[in-house]
Structures are given as C-alpha cells and as structure tokens.
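Q: Take this structure, written in structure tokens, and hold onto it; I'll ask about it next.
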Amino acid sequence: MPLVQGPIVCIDAAHQNFHTPDNRFYAFAKLLRADGYVVKAFEQTFSAESLKQCQILVISNPLNQINAGGNWRLPTPSAFTSAEIQAVKTWVANGGKLFLIADHMPFCWSSAGFRKSLRN
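Mapping of the sequence shown onto the working numbering: position 32 corresponds to residue 43, and the numbering continues sequentially without gaps.
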C-alpha cells in the first residue's frame, strides 16, 4: 500500500470534461495514487480560494455546457469564464502546476482562452 503523502493532484471534473478520475482517467488516477499522489476530482469553478487545495491541476478536454450534448455550437464557446481563467493564471504564476490537455475539435477551442492567457 503506497503512502499517500505526495502532491495533491486535482483533476477537473467541473467543465463537462471528457476525462475525469471516475471514467476515462480512472487508470491515470489509479497510477498517480499508486505513486503516492493524492488525487481529487475537482468539481468546483476555479477561483483563488478553490485552487488552494491543489498543487497540480489537470484539465483534460473541457467543454462548455452548451456543447455537452454533442450538438456542437460553432464557434465553440469557452468552457471557462474569464474569472476562472484569471484565477488559474494567477495560481500558476504563484507556483501551481497545470497540465492542460486540449485535443481535437471541439476541445481545443473550448480551452483557447486558457492557452492565449497563459502565453502572455
């Protein structure tokens, strides 16, 4: 049994994510736990307060609620509010670690605001 003392990894599950620790990222979460990481499904909006519990944030293929049913609205709207993007940007600037996965359409455009913000 691994010691659960490693960094806290929050896997985003609040933005209609394609990968969450309870489904398609189950094996990823299991591997992290086996290596001693503390894995949490993050089911809140991003804010300075909510991100305090995380050392590493994994966001994988988020969607805006409007596109959660598979009937794509184009152009693809952001999965995040501008306040959430700013909160994560500040959190990263203060030492937080972000693993952002944005695959093919529509996921890449759902997180475009993040990518643009983090480059600046």
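Heads up, the beta-carbon is just placed ideally off N, CA and C, and yes, glycines get one too.
1) Select from D46, A45, A52, G17 the residue whose C-alpha is nearest the C-alpha of N34.
2) So, at 7 angstroms on beta carbons, what are the nonlocal neighbours of T31 in its own chain, with the 5 sequence-adjacent residues on each side left out?
3) Sort M116, T92, L74, S61 by Cα distance to G107 and report the nearest one.
4) Determine the contact status of I96 and I70, defining contact as a CB-CB distance below 8 angstroms.
5) Using only the heavy atoms of the ligand NAP, determine whether one of them is closer than 7 angstroms to the beta carbon of A79.
6) CA-CA distance, C65 and Y48?
7) From the DSSP output, in three-state form, read off A104 for me.
8) Measure the alpha-carbon distance for L109 versus E54 and round it to whole angstroms.
9) Within 10 Å of its beta-carbon, does L42 have 16 or more other beta-carbons around it, so buried, or fewer, so exposed?
10) I need the boundaries of the alpha helix (DSSP H) containing F118, first residue and last residue.
11) CB-CB under 8 angstroms to A59, same chain, minus the five flanking residues each way: which ones, in chain order?
12) Could you pull out every residue in the same chain whose Cβ sits closer than 6 angstroms to the Cβ of M12, ignoring the five residues on either side in sequence?
A: With the structure as the only source:
1) Among D46, A45, A52, G17, the Cα nearest to that of N34 belongs to A52.
2) I22, A24, A52
3) When C-alpha distances from G107 are compared across M116, T92, L74, S61, the shortest belongs to S61.
4) no
5) Looking for the ligand NAP in the displayed structure turns up nothing, as the structure carries no ligands at all.
6) 11 angstroms
7) Correct three-state label for A104: helix.
8) 16 angstroms
9) exposed
10) 118 to 121
11) A98, T101, W102
12) Because the pLDDT of M12 is 49, which lies under 50, any placement of that residue in the model is unreliable, and the number read from its coordinates should be weighed accordingly. Contacts found: none.
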